[in-house]
Every structure is written in structure tokens, then in C-alpha cells.
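Residue numbers (my numbering): 6 to 122.
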């Protein structure tokens, strides 16, 4: 088993990514709101007055989404290819980052047709 994380900066592609993953057989995942550290530091370095004005002029923290999946080892390459295709290339600037780790265990997963096993 692996846990795979997608930090998606190109959030307008979220629905396409999820639809393509579902079509590829990846049906479980968790989506959370996220903000990058660099952007957060840029916002806090503006000073109080400039930072306050930016709240009214623009969204100071562009939204990103972090999605993570627990998948079988055989599904890792499927996720990687599918995400890359859905985004038109994960390596394009300001698209996102995809990474994964081997997983020693995952308790609480129900064994039925909509999960890993």
C-alpha cells in the first residue's frame, strides 16, 4: 500500500482530476483546503496596513487543494499517469506537486467493492 498526496495549485482542474481518477478505478480520497508556505510568508511580510488593504483588493491567499489517497502498490502508476494527464503535465509551473510514500498499515478501511481490496 501507498499513500499518495496531490497538492493542487491549478484548482480549476479539480473536477477533471477526480473524474479521471474515478474512471481509472481510484474512488477513495480526502480533499482538504491548503495554502503554501511561501505565499503565507509573502502575505505576512507586507506589514499591517498593506496587508489589510490587500484583503479588500484581492484574495491574499490563493486557494489550493491537497488530496490524498491510500492505494494498492499496483495503483501507484495509474494515479501518477492519470493526474499528469488530467493536469496537462504535472511539471508545468503553478500546477501542483504529486508525491507518495509506502504505507505500513491503514486501519479503518472497509473491505468492499469501493475500497482497495
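Quick reminder that beta carbons are idealized off the backbone N, C-alpha and C, glycines included. Bear in mind that the values here come from a model prediction, so they are computed numbers and not experimental data.
Discussion item. According to DSSP, is residue 70 part of a helix, a strand, or is it coil?
Written reply: For the purposes of this step, residue 70 is taken as residue 65 along the chain shown, with counting starting at 1. If DSSP states are grouped into helix, strand and coil, residue 70 belongs with the strands.
Worksheet item: In its own chain, which residues sit with a C-beta less than 6 Å from the C-beta of residue 103, not counting the 5 before and 5 after it?
Response: For the purposes of this step, residue 103 is identified with residue 98 of the chain shown, where counting begins at 1. Excluding residues within five positions, the ones whose Cβ falls inside 6 Å are 11, 88 and 95.
Item to complete: Counting only the same chain and skipping the five closest in sequence on each side, list residues whose C-beta sits under 6 Å from that of residue 99.
Response: Working through the chain shown from its first residue, we reach residue 99 at position 94. Within the same chain, residue 99 has close Cβ partners 14.
Worksheet entry | Residues near residue 106 in its chain [Cβ-Cβ closer than 7 Å; skip 5 each side] | Reading the chain shown from its first residue, position 101 is the one you call residue 106. The beta carbon of residue 106 is closer than 7 Å to those of 7 and 8 in its chain, skipping five residues each way along the sequence.
Discussion item. If contacts are defined as beta-carbon pairs under 8 Å, then residue 90 and residue 68 qualify, I think. What distance do you get, rounded to the angstrom?
Written reply: Start at 1 with the first residue of the chain shown, and residue 90 comes out as number 85. Start at 1 with the first residue of the chain shown, and residue 68 comes out as number 63. Incorrect: roughly 23 Å between the Cβ atoms, too far for contact.
Worksheet entry | residue 19 and residue 36 closer than 9 Å at C-beta | Position 14 of the chain shown, counted from the start, is the residue given in the question as residue 19. Position 31 of the chain shown, counted from the start, is the residue given in the question as residue 36. Residue 19 is a Cβ neighbour of residue 36, given a cutoff of 9 Å.
Worksheet entry | residue 11 in three-state terms, based on DSSP | Counting from one through the chain shown, the residue named residue 11 turns up at place 6. Shown here, residue 11 sits in a strand according to DSSP, grouped into three states.
Discussion item. Residues in the same chain with beta-carbon distance under 7 Å from residue 73, minus the five sequence neighbours each way, listed in chain order, please.
Written reply: Locating residue 73 in the chain shown gives position 68, where the first residue counts as 1. Cβ contact annotation for residue 73 (same chain, cutoff 7 Å, sequence separation greater than five): 8, 9, 10, 34 and 35, in chain order.
Practice prompt. Taking 9 Å as the cut-off, decide whether the C-beta atoms of residue 26 and residue 75 are in contact.
Written response: Translated into the one-based positions of the chain shown, residue 26 becomes position 21. Translated into the one-based positions of the chain shown, residue 75 becomes position 70. The Cβ atoms of residue 26 and residue 75 do not sit closer than 9 Å to each other.
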